[in-house]
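Below is one structure, written out as structure tokens, with a few remarks after it.
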Amino acid sequence: MSESDGPDSSYFDYNATAPIRPEARAAVIEAMQSVGNASSMHHPGRQAAHRVDVARRQLADLLGCSPGEIIFTSGATEANNLALRSAFTAGSPLVTSPVEHPAVLETARTVTAGSPEDLVLLQVGGDGLVDLDGLEEVLVARCGGVVSLMAANNETGVFTDLRVVAKTASEAGALVHTDATQLIGRVPVDVAELDVDLLSLSAHKFGGPQGIGALYVRRGTPLPHRPLLVGGGQERGWRAGTLNVAGIIGMGAAAEAASHGIDEEAARVAAMRDRLERLIAGALPDCRINGRRDQRLPGVTSVTFPGVPADAVLAAMPDVAASEGSACASGAPTPSHVLLAMGLSRADADSTIRFSLGYATTEAEVEHAAQAVIRAVTQVRAVLAGADGPR
């Protein structure tokens, strides 16, 4: 939509999925008009393989790594599973946190099911920061292992200081995995600076197609091959199955598009996020922003409206697409595990909405969404007050 026309609706759920970038859409359509299995040796197959190689380089450039360090997967969930199932060995700790995405938490619980004492959950503060003070003690006492901490939280946007994690883990002989799904394509990333061994990502979070992602494995990482899928041995034996050529090409195009002016884009999105918060807080002063505000993604805000159920607010503003929390947990009967781990009450967790902005968000959408939120919260409060009043 154009900013001059004014939006009829506003999309604020980029952390669930971002609108596909025009460059990615065009690349996918073009790829689907061609034929060729990237594993075939004939000319169409070699053409497909070449385009996969180009996409691998485009993604590698976004990450600052070598193309040979990238394994294509169906998304970050598969990448997280592959990373933890390969890196974990019974008898060594698997250290993570209670605010991780379910794709990490459930995988961690599954792989340690036979030795639950190996699963270690670090504490999380009320600001959403993972307490890293006890990490060294755990790793040294248990002789290495693997640490899996997300680069940026999907509900609050709060960052994890991966450099501190990597330094501590390296000194203890442990591997480091990070679910960087919300980070990639939104702020500049150099995996060499992060110093992690494994990194998971998903294309649709930065404007690529859904159903395609990748696992970065640093060259030289002592990791046994434990593929989730076996068969033809594609992706150097890490992931069998015919390559999703169109998806991979679309992800490559999105990665290249995201890399252009990424610093300026992050600053623009952060400014719009801050304006959204100011507009809402100015009209609803009792609302609260969750998480460390100076250490978070530029396009994410988690807002609690005390005493106002989030589902009722969302229903009262159908022209604004936002979320009660992680899209992967939508419809769950329990409130956000992230907010509960941060110390919010169940009532406050149930009264919290996540707004996430991105590359295509406009100023007009911000204005529209802010007014819609203010009206919806005011309306729901009035209804609740009337229901509690005299009969």
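First residue of the sequence shown: -13, per my numbering; consecutive thereafter.
All C-beta atoms in this analysis are idealised placements derived from N, C-alpha and C, irrespective of residue type, glycine included.
Note that the structure is a prediction, hence the values are computed from the model and not measured.
Hey, residue i and residue j are a contact pair by Cβ (cut 8 Å); roughly how many whole angstroms apart?
{"i": "M258", "j": "E123", "result": "With a Cβ gap of about 41 Å, M258 and E123 do not count as contacting."}
{"i": "S337", "j": "T290", "result": "6 Å"}
{"i": "G344", "j": "G285", "result": "5 Å"}
{"i": "D183", "j": "M136", "result": "Contact doesn't hold; Cβ gap of about 15 Å is too wide."}
{"i": "V132", "j": "F74", "result": "6 Å"}
{"i": "V40", "j": "G238", "result": "6 Å"}
{"i": "S322", "j": "A333", "result": "Actually they are not in contact, since the Cβ atoms of S322 and A333 sit about 12 Å apart, beyond 8 Å."}
{"i": "A240", "j": "A99", "result": "Actually they are not in contact, since the Cβ atoms of A240 and A99 sit about 36 Å apart, beyond 8 Å."}
Taking the beta strand (DSSP E) that residue i belongs to, which residues open and close that run?
{"i": "R274", "result": "274 to 276"}
{"i": "L184", "result": "184 to 188"}
{"i": "I248", "result": "Premise fails: I248 lies in the alpha helix (DSSP H), 248 to 269, not in any beta strand (DSSP E)."}
{"i": "G31", "result": "Where G31 is concerned, there is no enclosing beta strand (DSSP E), although the alpha helix (DSSP H) it sits in stretches over 29 to 49."}
{"i": "T338", "result": "338 to 342"}
{"i": "T290", "result": "286 to 290"}
{"i": "V381", "result": "Since the displayed the chain opens at -13 and closes at 377, residue 381 lies outside it and no answer follows."}
{"i": "A200", "result": "199 to 203"}
Just tell me which of the options has its CA closest to the CA of residue i.
{"i": "G112", "options": "G277, S331, F341, E353", "result": "G277"}
{"i": "R71", "options": "P210, A371, A302, A253", "result": "P210"}
{"i": "L148", "options": "L121, A127, R128", "result": "L121"}
{"i": "V144", "options": "R128, L125, V116, H163", "result": "V116"}
{"i": "V175", "options": "H190, L326, A244, C129", "result": "A244"}
{"i": "S52", "options": "A89, R42, T167", "result": "R42"}
{"i": "P213", "options": "A69, A4, S134, Q19", "result": "A69"}
{"i": "S25", "options": "D181, Y0, E16, V231", "result": "V231"}
{"i": "A385", "options": "W224, A62, V132", "result": "Because the chain spans -13 through 377 in this model, residue 385 falls outside it and cannot be assessed."}
{"i": "F(-2)", "options": "F341, A373, E353", "result": "F341"}
{"i": "A155", "options": "A138, D181, E141", "result": "D181"}
{"i": "G54", "options": "L108, Y202, A252, L91", "result": "Y202"}
{"i": "V269", "options": "T93, V255, A356", "result": "In the sequence on display, residue 269 carries Ala and not Val. The option with the nearest alpha carbon to A269 is A356."}
{"i": "A152", "options": "A239, L187, R204", "result": "R204"}
{"i": "E64", "options": "T93, D(-6), R37", "result": "T93"}
{"i": "N67", "options": "A127, D280, L91", "result": "L91"}
{"i": "A346", "options": "R225, E221, R254", "result": "R254"}
{"i": "V150", "options": "E141, V162, T142", "result": "V162"}
{"i": "T146", "options": "A252, D280, R222, E250", "result": "D280"}
{"i": "E353", "options": "R264, V216, L370", "result": "R264"}
{"i": "D249", "options": "E179, I170, S186", "result": "I170"}
{"i": "R225", "options": "I56, A34, A17, A127", "result": "I56"}
Which residues bound the alpha helix (DSSP H) around residue i?
{"i": "G238", "result": "231 to 245"}
{"i": "T154", "result": "148 to 158"}
{"i": "L80", "result": "That residue, L80, is in no alpha helix (DSSP H); its beta strand (DSSP E) goes 80 to 82."}
{"i": "G131", "result": "From DSSP, G131 is part of no alpha helix (DSSP H) but of the beta strand (DSSP E) over 131 to 134."}
{"i": "R11", "result": "8 to 18"}
{"i": "S72", "result": "62 to 73"}
{"i": "A127", "result": "121 to 128"}
{"i": "T348", "result": "Looking at the DSSP string, T348 is not in any alpha helix (DSSP H), and its letter there is neither H nor E."}
{"i": "T59", "result": "Segment 56 to 59 is the beta strand (DSSP E) holding T59; no alpha helix (DSSP H) there."}
{"i": "T324", "result": "The residue you asked about is not Thr; residue 324 is Val in the sequence shown. First-last of the alpha helix (DSSP H) with V324: 323 to 327."}
{"i": "T392", "result": "Beyond the ends of the chain as shown, which are -13 and 377, falls residue 392; an answer cannot be given."}
{"i": "P88", "result": "88 to 97"}
{"i": "A296", "result": "296 to 302"}
{"i": "D334", "result": "332 to 335"}
{"i": "E179", "result": "177 to 180"}
Check whether the Cβ atoms of residue i and residue j lie closer than 8 Å to each other.
{"i": "N23", "j": "T228", "result": "yes"}
{"i": "V97", "j": "A327", "result": "no"}
{"i": "P435", "j": "V21", "result": "Because residue 435 is not part of the residues shown, which for the chain are -13 to 377, the question remains open."}
{"i": "R172", "j": "L283", "result": "yes"}
{"i": "G193", "j": "I6", "result": "yes"}
{"i": "Q168", "j": "N1", "result": "yes"}
{"i": "S78", "j": "G130", "result": "yes"}
{"i": "L351", "j": "S(-4)", "result": "Here residue 351 turns out to be Glu, not Leu, going by the sequence shown. It is a contact, given that the beta carbons lie within the stated cut-off."}
{"i": "K191", "j": "A4", "result": "yes"}
{"i": "L125", "j": "A158", "result": "yes"}
{"i": "N139", "j": "V294", "result": "no"}
{"i": "I198", "j": "S83", "result": "no"}
{"i": "R37", "j": "I235", "result": "yes"}
{"i": "V306", "j": "A267", "result": "no"}
{"i": "V216", "j": "G50", "result": "no"}
**Message:** Contact between the region 103 to 110 and the region 45 to 64 is defined here as three or more beta-carbon pairs at a separation below 8 Å; is this criterion met?
**Reply:** no
**Prompt:** Does the count of Cβ pairs from the region 358 to 367 and the region 302 to 312 closer than 8 Å reach three?
**Reply:** yes
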